[in-house]
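Going letter by letter, the sequence shown gives residues 7 to 158 in this note's numbering. All C-beta atoms in this analysis are idealised placements derived from N, C-alpha and C, irrespective of residue type, glycine included. A quick note: this is a predicted structure, and the numbers were derived from the prediction, not measured. What follows is a short report on a single structure.
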Amino acid sequence: RAAFARVTSPGRLEALRRGPVVLADAAHNPAGAAALAAALTEEFAGTALVAVVAAMADKDVEGILTELEPVVEAVVVTENSSPRTMPVDQLANIAVDVFGQDRVHQAVPLPEAIDAGLRLAEREESLGGYGVVVTGSVVTAGDARVAFGAGS
């Protein structure tokens, strides 16, 4: 049992950096995004979070964003390294439908999107601090891990 308590899954609510926090999560469907939203609500209550999202074109992106909307201040849409990634303009249009124009931002490539997310979250900072959660696909989480030297 003790060994299972120490098991981690890379790309599942993985802290890539602390202070401010940068998390990576491989949520790539509405159920995964709902689980992520629940975990963020439980573990990061009072923290101003911005989602950085890149997803595959064939996924239920509206469903993913709908689950995240109540728990993040804003969303930065971007693209991941897969040829199947949804183009950022298409993702932005869907995000505007869910979040409203004033809460949607675009930045490409992913490292620039993470930086943009951190700047936005800092503006919304509360007593609980601020941070970014990078999500939308397994590839997106993997790209974030590589950007922070956690994966290859």
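- When secondary structure is reduced to three states using DSSP, leucine 97 falls in the helix class.
- For the pair alanine 98 and glutamine 112, the CB atoms are nearer than the 7 Å cut-off.
- DSSP, reduced to helix, strand and coil, places threonine 47 within a helical segment of the structure shown.
- The continuous alpha helix (DSSP H) containing valine 67 extends over residues 67–74.
- One thing to note: glutamate 73 has its Cβ within 7 Å of the Cβ of alanine 40.
- Taking a C-beta distance under 7 Å as the contact criterion, alanine 153 and alanine 30 do not qualify as a contact pair.
- Separation of the CB atoms of leucine 19 and leucine 42 is rounded to 7 Å, and the pair is thereby assigned contact status at 8 Å.
- One alpha carbon belongs to threonine 91, the other to alanine 63, and they sit about 5 Å apart.
- Residue range 116–129 is occupied by the alpha helix (DSSP H) that includes alanine 122.
- Excluding five sequence positions before and after glutamate 85, the CB atoms of its chain that fall closer than 6 Å to its own CB belong to Ala60, Thr91, Val94 and Val114, given in chain order.
- Contact between valine 27 and glycine 123 does not hold, since their C-beta atoms are separated by about 11 Å, which reaches or exceeds 8 Å.
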